[in-house]
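Written below as structure tokens is the structure these notes are about.
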């Protein structure tokens, strides 16, 4: 049975849906498995993404490096073509072969087109400035070559020497501009490569850090799950096995003890009958009559112990009928109210203001309430109050969320001491002189037979509240309202452990 009596829970639409669909739920093992599988899927996705990104970064890095090296090929190709043109021009000037000149003309045109195509895509400001100088300079270079060709055709050594000198000057200028352009292009590409390479390295370091963090977080999560979930489950499993073994032993012992108690009951009945006959022959107010009174009292006490033990060892199955929960409280109040009033304790019932039905055995629920009310009255000083009430709530019974009705017994006594709370429902534990220690154990057993739970809340110096939590019954619209109860079952006098004296 539960120790704490929970406070009322606000009922949300989701909770009502869960109540109406109690079978739609995941088991504990399923939830744990889904949680672990989800973690593994996320971790696998992250690792796969990291690996793919790593490979793409390596490919991009190699591509950028190859492009950086390609700038050197552009510079070398440009210088080689200018060198070939210079060689062809001097060959033509010496040999005056028209084929060489035609080859020079074709190659110079091709180089002019190559310059436009190759360097038109340059974007840096410095490269564009050099390109603006290089394009007209190459035109001047070609014009100087044409001047050399005209000097050769028209003749005149002096004119040829001047044309060659101008060609050499233009060739030197264009080689210089080409070298500057190639150098600037290489510097720009190299700076870009270094910047991208540095960025990629930072990305790679970030990925390494993220992967390391993921592994650490995964390890920490696994350890946390083991420590907070698996390890306690192992402990609970061991404790459950021990409880099962203990329960089996107690069941066997209870069956044996119940048989013994039943055998004791018959001789006690015979002794009581003979004692009654003997008392009739004794003179009142004598020592012999006083001795028989003591014997009768002890025999009655033994009968009560045997009766309660049989109730505990062989509980009767309840005859479940739909009844208003507050009905049992009203009948118990009518039964015990006058006697408690004489002791200075007021017994009251708070009406819930709505019909709260439960499927229960009325007499057995009254038996539980009588025990709880008597315990509460024993713990309440004169002038105090014991209150019975019923309220609707939402909670878990038999490991499922459902609507419940709580029958509460609240007193204004001194509360229950902490060392007593731990053993409150233990059989044969009592703080009352002459008590059997079975009252609350029987009450808890009856409530469990109804599919409910017996709980309590207490605060030393302020009082105690016991709650009988039962599943709420909602009849179908076609069912006629009725409040039936089973035949009366005698309730044992309060002698449970209850509240401390």
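In this note's numbering, the protein residues as written are 41 to 541.
Backbone N, C-alpha and C define an ideal beta-carbon position, used for all residues, glycine too.
Model, not experiment: these values are computed from the prediction.
Where residue i falls: helix, strand or coil (DSSP)
i: residue 106; result: With a pLDDT of 49 at residue 106, under the threshold of 50, the modelled position of this residue cannot be trusted; read the value that follows with caution. Helix.
i: residue 363; result: strand
i: residue 448; result: strand
i: residue 111; result: The predicted position of residue 111 is uncertain, since its pLDDT is 46 and thus under 50; a value taken from the coordinates is nonetheless stated next. In the structure shown, residue 111 sits in a helix (DSSP, three-state: H, G or I).
i: residue 393; result: coil
i: residue 357; result: coil
i: residue 380; result: helix
i: residue 465; result: coil
i: residue 274; result: helix
i: residue 126; result: helix
i: residue 523; result: Note that residue 523 scores a pLDDT of 42, beneath 50, so its modelled location is shaky and nothing firm can be said.
i: residue 342; result: helix
i: residue 410; result: helix
i: residue 64; result: At residue 64, the pLDDT of 45 sits below 50, so the modelled position is not reliable; the number obtained from the coordinates is stated separately. Correct three-state label for residue 64: coil.
i: residue 194; result: helix
i: residue 120; result: helix
i: residue 333; result: helix
i: residue 576; result: Because the chain is modelled from 41 through 541, residue 576 falls outside the range shown and cannot be assessed.
i: residue 472; result: coil
i: residue 138; result: helix
i: residue 307; result: helix
i: residue 421; result: coil
i: residue 92; result: helix
i: residue 455; result: coil
i: residue 531; result: With a pLDDT of 41 at residue 531, under the threshold of 50, the predicted position of this residue should be treated as unreliable, though the coordinate-derived value follows. In this structure, residue 531 counts as coil in the three-state DSSP scheme.
i: residue 325; result: coil
Candidates the options: closest to residue i by CA position
i: residue 490; options: 411, 471, 449, 402; result: 402
i: residue 455; options: 201, 498, 139, 214; result: 498
i: residue 317; options: 407, 87, 332, 126; result: 332
i: residue 125; options: 140, 144, 132, 118; result: 144
i: residue 511; options: 488, 500, 505, 496; result: 488
i: residue 117; options: 251, 94, 139, 154; result: 154
i: residue 426; options: 395, 387, 309, 79; result: 387
i: residue 432; options: 262, 393, 209; result: 393
i: residue 369; options: 452, 166, 382, 411; result: 411
i: residue 446; options: 359, 434, 439; result: 434
i: residue 182; options: 396, 210, 197, 170; result: 210
i: residue 514; options: 180, 249, 399; result: 399
i: residue 262; options: 252, 345, 79; result: 79
i: residue 347; options: 460, 305, 196; result: 305
Span of the beta strand (DSSP E) around residue i
i: residue 436; result: 425-437
i: residue 21; result: The requested residue 21 does not occur in the structure, where the chain is confined to residues 41 to 541.
i: residue 494; result: 493-499
Beta-ladder partner(s) of residue i, from DSSP
i: residue 512; result: 398
i: residue 443; result: 434
i: residue 503; result: 499
Residue i: first and last residue of the uninterrupted alpha helix (DSSP H) it sits in
i: residue 259; result: 197-265
i: residue 489; result: 479-489
i: residue 458; result: 458-461
Contact test: residue i Cβ vs the ligand MN heavy atom, cutoff 6 Å
i: residue 335; result: As for the ligand MN, it is missing from this structure, which has no ligand bound.
Any chain C beta carbon closer than 7 Å to residue i
i: residue 279; result: In the structure shown, chain C does not exist; there is a single protein chain.
Exercise for the section: Spell out a yes or no on whether the segment 213-232 and the segment 173-188 are touching, meaning 3 or more CB-CB pairs, one atom from each, closer than 8 Å. Expected result: yes
Problem - Any 3 or more C-beta pairs closer than 8 Å across the segment 335-343 and the segment 368-378 - result: no
Exercise for the section: Tell me, please, whether the segment 179-197 touches the segment 127-138 by the rule of three or more beta-carbon pairs shorter than 8 Å. Expected result: yes
Exercise for the section: Answer yes if the segment 357-369 comes into contact with the segment 436-451, meaning at least three C-beta pairs across the two stretches below 8 Å, and no otherwise. Expected result: yes
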